[in-house]
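Peer 1: When you line the sequence shown up against this note's numbering, it's residues 80 to 426, in that order. C-beta atoms are modelled at their ideal positions from N, C-alpha and C, and glycine is treated no differently. Here it is, the structure, as structure tokens.
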Amino acid sequence: MAYPRLLLFLSTVLVWLTLSSCASNPKGVFNNPKSALIPDYSQDEFWAALPWIKDNADKTPEGLIDKQGSAIADVFYLHPTIYYGKRSYNQWNAPIALKSLNEDVDNIAILYQATAFNAAGRIFAPRYRQAHIKAYFNKDTLSAKQAFDLAYTDVKSAFEYYLTHHNNGRPIIIASHSQGTTHAKKLLSEYFDNTSLQNQLVAAYLIGIPVELNAYKTLKPCKNENETGCLIGWRTFKAGADPDFLSHENNILITNPLSWNIDDTKIAAEDNLGSVLTDFEALPIPHLVGAQIHESILWCEKPKFRGSFLMTTDNYHRGDINLYYVNIRENASLRVNQFLNQNSSSN
């Protein structure tokens, strides 16, 4: 979702700005101008991250190493919504070449999220004509659906280009957050569920959006730290939060990112290897928060850091990845190694 530059880490990672404070709204009904620029994924400029160009997906916090150069697997990463807040952001879908927006995608989503996977695989992150944040909450449900459908056409086009030109049979991690997960769910259903491509799936990290498990025929939740070909996901809230939506959610994917199990055992902060919050380049902060599954959401204690007194929300959506950054990083690498071992032994 959107990330103002002021107090970057707060707005990027942990502060849930109320939707009523957004300065922008989609204007009128959905309209996709024929003159709108359509991304051409054969051109590097339409990717936020590619293994052969220098980009923010190559960076790491202190003490960690980018291993894309020697990686055997690939990561197809879909970023969250960045399109809201500015008064000029008033279309149902973001223009693909909007410079200010693309800079925010690179400096926030790619830097703070995609890099969690650069020890496990080469990162491919397409730019796409993301739907406006209000598409999630607008009464004009037809326009909202059309906006999400347009965004998905870009995601699908990028993935097909990646498969045809760059994958070459390599293992694949799908990684996504928020709106990225909205599209990743559909991508998995169309390309991986009950298809031969599922044999290349290391795991799918579908974070920040509810994932309905009954939507899939063969894709199942990962039940431990090294299972492969399966699904991982969570939404983070302050311990004790009991949002109304829980009463009508059933069969939703939920994983504990400290134990990588799907039971409600509380895992203490001591098992958290490191969070990435205020300064990306600094050492990750160890033991910041624990994790416990509560129905279909993840609970953790309120994190303490400089400026945390400003946090008044129970919804830690912004920190879904950053609170568990190093654990995610190590787990993705572990699953790739397990995938390779399984396939080498079967051959």
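(1) Enumerate in chain order the residues of its own chain whose CB-to-CB distance from Ile-286 is below 7 angstroms, with the five nearest sequence positions on each side excluded.
(2) Quick one: what does DSSP say Asp-153 is sitting in, helix, strand or coil?
(3) Nearest by alpha-carbon distance to Leu-419: which of Asn-197, Leu-280 and Thr-274 is it?
(4) If Val-355 sits next to Tyr-404, beta carbons under 8 angstroms apart, how far is it from one beta carbon to the other, in whole angstroms?
(5) For Ile-376, count neighbouring Cβ atoms within 10 angstroms of its own Cβ and tell me buried if that reaches 16, exposed if not.
(6) Report the three-state DSSP secondary structure of Arg-201 (helix, strand or coil).
(7) Would you tell me roughly how many angstroms separate the C-alpha atoms of Glu-380 and His-396, rounded to the nearest one?
(8) Taking the straight line between their C-alpha atoms, what separation do you get for Ile-364 and Ala-320?
(9) Along the alpha helix (DSSP H) that carries His-366, what are the first and last residues, could you check?
(10) May I ask you to verify whether the region 204-221 touches the region 115-129, counting CB pairs closer than 8 angstroms and requiring at least 3?
(11) Excluding the five sequence neighbours on either side, which residues of its own chain have a C-beta within less than 7 angstroms of the C-beta of Glu-304, listed in chain order?
(12) In the DSSP assignment, find the unbroken beta strand (DSSP E) run with Thr-315 in it and report its ends.
(13) If you follow the beta strand (DSSP E) that Val-281 is in, where does it begin and where does it stop?
(14) Pairs of beta-carbons, one from the region 214-221 and one from the region 237-246, closer than 8 angstroms: are there three or more?
(15) Are the region 130-145 and the region 264-274 touching by the rule of at least three beta carbon pairs closer than 8 angstroms?
(16) Give every residue of the same chain whose Cβ lies closer than 6 angstroms to the Cβ of Arg-408, excluding the five residues on either side of it in the sequence, and list them in chain order.
(17) Roughly how many angstroms lie between the CA atoms of Pro-130 and Ser-326, to the nearest whole one?
(18) Considering Cα atoms alone, identify which of His-158, Ser-423, Gln-371 and Ala-214 is closest to Phe-316.
(19) Quick one: residues in its chain with C-beta nearer than 7 angstroms to the C-beta of Asn-351, no 5 flanking neighbours on either side, listed in chain order?
Peer 2: Judging by the given coordinates:
(1) Ser-255, His-256, Thr-260, Gly-312, Trp-313, Asp-399 and Ile-400
(2) strand
(3) Leu-280
(4) 4 angstroms
(5) buried
(6) strand
(7) 14 angstroms
(8) 24 angstroms
(9) Taken as a continuous stretch (DSSP letters only), His-366 belongs to no alpha helix (DSSP H), as it is neither H nor E.
(10) yes
(11) Trp-339, Asn-410 and Leu-413
(12) 315-317
(13) 280-286
(14) no
(15) no
(16) Ala-195 and Ala-198
(17) 43 angstroms
(18) Gln-371
(19) Leu-337, Pro-365, His-366, Leu-367, Val-368, Gly-369, Tyr-403 and Asn-406
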